[in-house]
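Colleague: The structure's right below; bear with me while I get my questions together.
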Amino acid sequence: MKNTDIKKLIQWYDQNKRSMPWRDTGNPYDVWLSEIMLQQTRIEAVRPKYLAFKKELPDIASLANCDDDRLMRLWEGLGYYSRARNLKKCAMYLMEHYDGKLPDNFELLKKLPGIGPYTAGAIASIAYNLPTPAIDGNVLRVLTRYYGITEDIRLPKVKEIIEDKLNDFYRSKNPDSSYSSFNQGIMELGETVCVPNGAPQCKKCPLNKNCFAYQNKMTESIPYRSSLKERKILERTLFVIRDNQSFLIHKRPHKGLLAGLYEFPGVDAHLTKSEMIRHVELLGFTPIKITTLPDAKHIFTHLEWNMRAYEIKVAEIQHILDENYYLVNKKELQSLAIPSAFRKYTDWYSLRD
Ligand code: SF4
Numbered sequence: 000m001k002n003t004d005i006k007k008l009i010q011w012y013d014q015n016k017r018s019m020p021w022r023d024t025g026n027p028y029d030v031w032l033s034e035i036m037l038q039q040t041r042i043e044a045v046r047p048k049y050l051a052f053k054k055e056l057p058d059i060a061s062l063a064n065c066d067d068d069r070l071m072r073l074w075e076g077l078g079y080y081s082r083a084r085n086l087k088k089c090a091m092y093l094m095e096h097y098d099g100k101l102p103d104n105f106e107l108l109k110k111l112p113g114i115g116p117y118t119a120g121a122i123a124s125i126a127y128n129l130p131t132p133a134i135d136g137n138v139l140r141v142l143t144r145y146y147g148i149t150e151d152i153r154l155p156k157v158k159e160i161i162e163d164k165l166n167d168f169y170r171s172k173n174p175d176s177s178y179s180s181f182n183q184g185i186m187e188l189g190e191t192v193c194v195p196n197g198a199p200q201c202k203k204c205p206l207n208k209n210c211f212a213y214q215n216k217m218t219e220s221i222p223y224r225s226s227l228k229e230r231k232i233l234e235r236t237l238f239v240i241r242d243n244q245s246f247l248i249h250k251r252p253h254k255g256l257l258a259g260l261y262e263f264p265g266v267d268a269h270l271t272k273s274e275m276i277r278h279v280e281l282l283g284f285t286p287i288k289i290t291t292l293p294d295a296k297h298i299f300t301h302l303e304w305n306m307r308a309y310e311i312k313v314a315e316i317q318h319i320l321d322e323n324y325y326l327v328n329k330k331e332l333q334s335l336a337i338p339s340a341f342r343k344y345t346d347w348y349s350l351r352d
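Residue numbers (numbering that gives the first Met the number 0): 0 to 352.
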């Protein structure tokens, strides 16, 4: 991210941050508790529960010593009670191993019970101003838009790219930087300006000058999420290589789609007639007659094959290509385990010479 944008973001955050009871208290326990409460619950629902919880259990020691019934009562309304149980477990661990304090070290934080990389990064950066990423859904949305990352936001790779970009900034060791304000700034921007539902309010955004999505009118398409139901479309060209007696048939690999079944040889692309001839000649066959067969489509659950096919008549099939190829006559062709994906072509030969 450009230095000017980092400065603008931090400045924007300092001027626009919403008031939260856990914000700017300087107490790592507050950051930890609020982050855990906010994991599956909206801010407005968390606010009163947080205040009540903090009033009764103001620090790690009181949480570690709280009896379970009281803890559950304090957690009531927030749901996902395992979060509360993990909080107490971690508090007990901190009492035993860290003198009742959250360590100011990202790696150590990550090893604590119930604390994952995001929460560890949030505590380290927000409470201790350490240069560590804390990447949640808001941060991913803002930064995929800012950097123009068009790959599916759910891919681990996208998170890695964002993490690398953040680490570049952290490594730059800009003495003016507040890592705490920077991380919270991106989070706050994602919650209030670059919002998850509805259009982002780019005109108000401190990053708009260099935001790829805004500058390229792509805020509707980034972040990109592929439809889980979307099928991959694969173009294929099949070669029905035959002489007067036999057809050349290929046995599919013993793993993967249609494993171990028979098919007409083919390639995963649509070849033109001349490309197809070149390909068949490279396989060692000399066509004497070529017939274009009808196109066919076959739909699998996550994949669609769009097939074009050519019948390539040769004088005599004198060789097979390797042990996965077979020569079969027309009768055998009808009885082989050839999947229905190729029915259009097997039917074709059951009806013709
Ligand atoms: S300019 Fe718009 S799309 Fe880009 S980060 Fe800001 S709010 Fe999000």
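C-beta atoms are modelled at their ideal positions from N, C-alpha and C, and glycine is treated no differently.
(1) Using CA coordinates, which residue listed in N104, A83 and A60 is at the minimum distance from M91?
(2) State the DSSP-derived secondary structure class of G120, mapped to helix, strand or coil.
(3) Just the Cα atoms here: how many angstroms apart are C65 and L56?
(4) With a 10 Å radius around its C-beta and 16 neighbouring C-beta atoms as the bar for buried, classify E310 as buried or exposed.
(5) Are there three or more Cβ pairs, one per stretch, closer than 8 Å when the segment 10-20 is compared with the segment 175-189?
(6) When you compare the segment 198-210 with the segment 278-292, are there three or more beta-carbon pairs, one atom per stretch, that lie closer than 8 Å?
(7) Identify every run of the alpha helix (DSSP H) within the segment 121-158, keeping only runs that are complete inside it and at least 4 residues long; order them along the chain.
(8) To which residues does DSSP link T290 through a beta bridge?
(9) With hydrogens ignored, establish whether the beta-carbon of T218 is closer than 7 Å to any heavy atom of the ligand SF4.
(10) In or out: R69 buried (at least 16 other Cβ within 10 Å) or exposed?
(11) Is the Cβ-Cβ distance between A268 and L292 less than 8 Å?
(12) Kindly examine the ligand SF4 and report whether one of its heavy atoms sits closer than 7 Å to the Cβ of P199.
(13) Please tell me whether I316 and L260 are closer than 8 Å, where the distance is taken between their beta carbons.
(14) Roughly how many whole angstroms lie between the Cα atoms of L54 and P20?
(15) Under 7 Å: does the beta carbon of N207 sit that close to some heavy atom of the ligand SF4?
(16) Just the C-alpha distance for E422 and A63, rounded to the nearest angstrom, thanks.
(17) Helix or strand or just coil, what does DSSP make of I316?
(18) Mind checking Y344: buried by the 16 CB within 10 Å criterion, or exposed?
(19) May I ask you to list the residues that DSSP assigns as paired with R241?
(20) Looking only at DSSP bridge pairs, what is K231 linked to?
(21) How about R144: is its Cβ closer than 7 Å to a heavy atom in the ligand ZN?
(22) For Y79, which three-state DSSP category applies?
(23) By a C-beta neighbour count over all protein chains shown, 10 Å radius and 16 as the cutoff for buried, is D29 buried or exposed?
(24) Can you tell me whether Y12 sits near the ligand SF4, meaning its C-beta is under 7 Å from at least one heavy atom of the ligand?
(25) Is any non-hydrogen atom of the ligand SF4 found closer than 7 Å to the C-beta of K212, if you look at the structure I gave you?
(26) Work out the CA separation of M217 and K433 for me, nearest whole Å.
Modeller: Short version:
(1) For the residues N104, A83 and A60, the minimum Cα distance to M91 belongs to A60.
(2) G120: helix per DSSP, three-state reduction.
(3) A direct Cα-to-Cα measurement between C65 and L56 gives close to 8 Å.
(4) That one is buried.
(5) Yes: at least three Cβ pairs fall under 8 Å.
(6) The segment 198-210, when compared against the segment 278-292, does not touch it at the 8 Å Cβ threshold.
(7) 136-146, all fully within the segment 121-158.
(8) DSSP lists E310 as the bridge partner or partners of T290.
(9) Inclusion of T218 in the 7 Å shell around the ligand SF4 follows from its C-beta lying nearer than that to a non-hydrogen atom of the ligand.
(10) By the neighbour-count criterion, in which a residue is buried when 16 or more other Cβ atoms sit within 10 angstroms of its Cβ, R69 is exposed.
(11) Result no, Cβ atoms of A268 and L292 do not sit closer than 8 Å.
(12) At least one heavy atom of the ligand SF4 is nearer than 7 Å to the Cβ of P199, so yes.
(13) It is not a contact, given that the beta carbons lie outside the stated cut-off.
(14) Reading off the sequence, residue 54 comes out as Lys, not Leu. Approximately 12 Å, taken between the alpha carbons.
(15) For N207, the shortest C-beta to heavy atom distance toward the ligand SF4 is below 7 Å.
(16) Only positions 0 to 352 of the chain appear in this structure, which leaves residue 422 out of reach.
(17) DSSP places I316 in coil when its eight states are reduced to three.
(18) With 16 or more other Cβ atoms within 10 Å, it is buried.
(19) The partner list for R241 (beta bridge, DSSP) reads F246 and K312.
(20) L302, per the DSSP bridge assignment.
(21) As far as ligands go, the structure on display features the ligand SF4 and does not contain the ligand ZN.
(22) For Y79, the three-state secondary structure derived from DSSP is coil.
(23) D29 is buried by the Cβ-count criterion.
(24) Every heavy atom of the ligand SF4 is 7 Å or more from the Cβ of Y12, so no.
(25) Here residue 212 turns out to be Ala, not Lys, going by the sequence shown. Relative to the ligand SF4, A212 has its C-beta within less than 7 Å of a heavy atom.
(26) Any answer about residue 433 is impossible in this case: the structure gives the chain only from 0 up to 352.
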